[in-house]
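Protein chains in written order, with the numbering used here: chain R, 1171 to 1489; chain F, 679 to 1297; chain V, 55 to 387. Using N, Cα and C, we set each Cβ at its ideal position, and we do this for glycine too. Okay, so here's the structure we're looking at.
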């Protein structure tokens, strides 16, 4: 088991290195000069003097390998540079905003699992029944509605028309816990809806598949009552792929809350990213992409490890 | 039209309509999407403007259709570009493996290290907003998905024998790739395609919504939603229309993807779930009767098993008669489709969904000396008999054991069913494993099924079956998947179990006549769902009284005959059973009379029976 | 029957053939050798059917694939008609493929479900230009007739046929290029007994009519005994006994062959009592084979000397040898 974790961690480290290098390559190998790209607006060419100054400031005049080494050491020491816009250290901003983004994601995942797993299981057990058809329709619609549409519509309904909840904004938990949670509900719900749809469908498919397995028949042949068969043999085995999917979904969300944060004015990491993209603030964009990617890779690592803990066959196969 | 194709009609029509509308946008009588009409801003639906006007007084319907055109163009364009690129990479990587795999599939997967929306944002940052960069970003984003899917499918198809046969034939690798592998990986490719179109629309509209995608004044759904949010109080419907259009389009593509998947991959049809979980209990369960003192352990008479539901009447087993005495070993033997496994499953109440016992009786004498008709029991009734009275060893132990539970835990669970005191369970588990010949049982009980060899897994399966000392043990092809030396070990284990528990009846289901000769006292020969002959093994093998039994024995390459007897033709499928004797079309002895009516059972000798009108002439 | 005294020049020869599938342990771990086949030397002449028997994991399928040139050997070489398969490449190799064909085990996986039977049988005719394009239809019909299928079968897809019929189609496909050598890998194992007999009879007829060299791989001793002129018994990647069918199965010289024969159930059971002579234990892992004789861990005759070296082949009769220091013909009671 430990060997397996070590093995997966090595792979994760390798992937992080790949991501760091990939971002570097994207910045430096695409046609055109980053400095010039940065300063030009639309069709108006940039002022050559300003470009030269910026090149100097960005260290673009050094040889490529030297820039690469600086880039990598910067990442290793947690120094992601300072913002073009306000000279603030990028890392500081990220550390301030990252927890807020994670909060939305965790709340969404929690809600999705809480409602998705039992509903998916029930839909599978009563496959082709009325509730199954309803759940299936609901999850199809939820899956097909982009999160910013869901967000805009729930604002329209719950904030605009019914006026039950605030339309958006952020208050730190330490200042006003109740308002903080009230503000969290809509964004978490909007993000959670699509995750819920994925979890429900996955659970249903997985439970259906496990129900056909021979070992469920064996459990029946052993004379076990329904409860233990469902708990120990069906749901337990069916949840393994569901957990994987939940983990991967959360990974996608780390970079995907951009829209929700924008819709609800939630000052998380992703909103910061959009602002940085808008302003073409290179150090900011690179820093955020890097942090999110590293988180993404490590979340995948976590999923692998949890999977190996739940399914004894996995660690054996890899070692 | 097949049922499968019918499922594609609805999503096909939806997607077709969408595509037609956006393609026809230039010729439709639509208002100019850029024409502003400031006095008319935010007006509701009217004759000229069916869906009303937006914040600049522009026609909403026209902007919706043109917006859809932009979205679909970007989504379909990038999905196609990524499909071509990814399929090529996946095919090459999957077929040639090695270094080629590294530079194609593995290299493209680096992109998957970045969250999708993030990658798109990064490309847009570098290249600026607009249709071109969007298509490029989305193509880049989805290429690895295709590469992965095609790679996996290629690997799977490549290992199939028909591809190996092409290689052995001397076909050129490119010919194999295009003619044999590509058509076979097309189904997952199609599914992936519709999935990618839907997903690309989500990202495109999201970026446009953020103002980083399609550039105004080109209409786009994302941009329309963005604008409508500012006017939510004045004109909420402005938000609803593009939202509906977007969600509806994505829903159509997702639906197409779902349906394609279920049509192209029939394994996924698992409709019904598990009926045993919610089938209502039978109300009038017959009360157990006291059994006659000389009653056999099991007497099956005239048992019939058929498909339930609309195709009712499709009988898979009929007129099955089997009797098992305490301590007796009865072999059910027959080829595939003979109904031997179904008959044994019916005795446990474990028939697959949609199949049910539709006639006859199966009287079982319990430990308390009462008679239960297994043909009348509901699931709860069976549950009380399973494991403690009747138990079963399944064919494929690797699949029949739960992969994530330790062997010892699975045994303990079984022991608890019979109310074994908790304190005694660990010792009993070790005892059982020792009894079935698993070496080092104290350590092995902590093993997971995959950590045991095939032979040991089958031993563990047998331990599960005999844990609660059943009086009737059913074994369904328990040695078929095993190698000869291991098969011999398992057969020996069965003989030893029989010796140790003299009262236990054993029903041994097999297709192998030689195994029957080795283990059974009586043999019941089944063909096409019917019992054709039965009797003591030695007598039946020495002098078969049914042409099928005789032919079966003569087709075993064991006698040193120069040429084997091959039965012409094959077993008829359940929906095309011949009238009269089911073996008649393949029988050398058949007469017109055989096809007129199903033959009744005759008794050539004490304890024997055959369903052939010419049994006297067979041997 | 075949004259075993005068040995004709072999068509296919395997010399000291070995195949290693090294398995890596973790990311940085050392690769561990797993030999599926080791030191196999074998020659097959025209008109000869060599049966390879052994339990799963003994390397018989890998041997078959190497003899076909589908898998490259790690050590040794396969010579076909005097040419080393490994040195022939590209178009030359594909031309050579015409003369060697294969029949597979799974009647459902061995035919492309998407193409008609006629197209698949005709593939070889087209690739190698066996007959002019205009005559392909007639030739396909002739081939189908040869395996006992109607000419109308050509236009149908594989799913319309039963397992036995599909296996006949696979045989017809293999025959289409007029090969000299056929490898049949468990061709009847997936079939019911009565259907199995149809295919066995077909293969017997073809061998007689076409003077083919055939390598017949099977775990079913009865079928092999019925069909083959010479037998090769494998255990853990090595040949343990090789010789004429009648001798090897009549009075096996290697204890493993004897054990295999005893273990195989028979219509005339030799053992009605529990406690009959059953080989104990299981196949050792090929990743960690025993020293010396691979069979010694389960062998009833094993002694200290067996662990020292892989036993040399001992001649026990003309064309009959066994790799055991105690090799001695002995009938199975």
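Requested in this report: Could you name the residues of chain F that residue 122(V) contacts, counting a contact when the two beta carbons are closer than 8 Å?
Outcome: 846
**Report entry** Interfacial residues, the region 1411-1430 of chain R to chain F, with Cβ spacing under 7 Å
**Finding:** 1421, 1422, 1424, 1425, 1426, 1428 and 1429
Report task. Scan the region 165-178 of chain V for residues whose Cβ lies nearer than 9 Å to a Cβ of chain F and list them as they occur along the chain. Result -> 165, 166, 167, 168, 169, 174, 177 and 178
Query raised in the report: Would you say residue 134(V) reaches chain F, if we count a Cβ-Cβ gap shorter than 7 Å as a contact?
Result: no
Query raised in the report: Going by Cα to Cα distance, which pick from 88(V), 233(V) and 106(V) is closest to residue 269(V)?
Result: 106(V)
Report task. Using DSSP bridges, identify the partner residues of residue 134(V). Result -> 66(V) and 137(V)
Report task. Kindly indicate if chain F contains any beta-carbon less than 7 Å away from that of residue 328(V). Result -> Bear in mind that a pLDDT of 44 at residue 328(V), under 50, signals an unreliable position, so the model cannot answer this.
Query - Proximal residues of chain V, C-beta to C-beta of residue 1189(F) below 9 Å - result: 246 and 247
Query raised in the report: Beta-carbon separation of residue 982(F) and residue 1036(F) under 7 Å?
Result: yes
Query - CA-to-CA distance, residue 1304(R) to residue 948(F), given in whole angstroms - result: Note on residue 948(F): pLDDT 48, under 50, position unreliable in the model; no value is reported.
**Report entry** Per-residue burial, residue 933(F) [other beta carbons within 10 Å of its own, 16 or more giving buried]
**Finding:** buried
**Report entry** Cβ shell of residue 211(V) (< 8 Å), same chain only, five flanking positions each side left out
**Finding:** 167, 168, 169, 170 and 171
Report task. Just mark residue 1288(R) as buried or exposed, buried being the case when its beta carbon has 16 or more other beta carbons within 10 Å. Result -> exposed
Report task. Kindly give me the distance between the Cβ atoms of residue 197(V) and residue 151(V), rounded to whole angstroms, as I take these residues to be in contact under 8 Å. Result -> That belief does not hold up - the Cβ atoms of residue 197(V) and residue 151(V) are roughly 18 Å apart, past 8 Å.
Report task. Using only alpha-carbon positions, find the residue among 179(V), 157(V), 294(V) and 373(V) that is nearest to residue 348(V). Result -> 294(V)
Report task. Name the one or two DSSP bridge partners that residue 230(V) has. Result -> For residue 230(V), which the question treats as bridged, DSSP gives no partner whatsoever.
Query - Distance, residue 1187(F) Cα to residue 1408(R) Cα - result: 31 Å
**Report entry** Backbone secondary structure at residue 823(F) - three-state DSSP
**Finding:** helix
Query raised in the report: In whole angstroms, what separates the C-alpha of residue 928(F) from that of residue 735(F)?
Result: 28 Å
Query raised in the report: Of all Cβ atoms in chain F, is any one closer than 7 Å to the Cβ of residue 193(V)?
Result: no
Query raised in the report: Does DSSP put residue 379(V) in a helix, in a strand, or in coil?
Result: coil
Query raised in the report: If you measure from the beta carbon of residue 276(V) to each beta carbon in chain F, is any gap under 7 Å?
Result: yes
Report task. Give the straight-line distance between the Cα atoms of residue 1229(F) and residue 248(V), rounded to the nearest whole angstrom. Result -> 8 Å
Query raised in the report: With 7 Å set as the bound, which would you pick, yes or no: does the beta-carbon of residue 1476(R) sit closer than that to a beta-carbon of chain F?
Result: no
**Report entry** Option nearest residue 1074(F) by Cα separation, candidates 1150(F), 827(F), 851(F) and 1160(F)
**Finding:** 1160(F)
Query - Cβ-based contacts, 7 Å cut-off: residues of the region 1039-1065 of chain F near chain R - result: 1061, 1064 and 1065
Requested in this report: List the residues of chain F whose Cβ lies closer than 7 Å to the Cβ of residue 255(V), in chain order.
Outcome: 1241, 1242 and 1244
Query - Rounded C-alpha distance that separates residue 378(V) from residue 1294(R) - result: 59 Å
Query raised in the report: Who are the Cβ neighbours of residue 1453(R) in its own chain at under 8 Å, not counting the five residues just before and after it?
Result: 1250, 1251, 1252, 1253, 1254 and 1260
Query raised in the report: Taking the Cβ atom as the reference point for each residue, do residue 746(F) and residue 700(F) lie within a distance shorter than 7 Å?
Result: yes
Query raised in the report: Which residue comes first and which comes last in the beta strand (DSSP E) that contains residue 1295(F)?
Result: No beta strand (DSSP E) holds residue 1295(F); the alpha helix (DSSP H) holding it covers 1293-1296.
Report task. Just confirm the distance between the C-beta atoms of residue 1417(R) and residue 1473(R), as a whole number of angstroms; I'd bet it's less than 8 Å. Result -> 3 Å
Report task. Could you run through the region 1102-1134 of chain F and flag, in chain order, every residue whose CB is less than 7 Å away from some CB of chain V? Result -> 1131 and 1133
Requested in this report: Work out the CA separation of residue 1398(R) and residue 1174(F) for me, nearest whole Å.
Outcome: 32 Å
Requested in this report: Check whether the Cβ atoms of residue 1372(F) and residue 878(F) sit closer than 7 Å, and answer yes or no.
Outcome: A query on residue 1372(F) cannot be resolved here, the shown segment of chain F reaching from 679 to 1297 and no further.
Query raised in the report: With DSSP run on the structure shown, which of helix, strand or coil describes residue 946(F)?
Result: At residue 946(F), the pLDDT of 48 sits below 50, so the modelled position is not reliable; the number obtained from the coordinates is stated separately. Correct three-state label for residue 946(F): helix.
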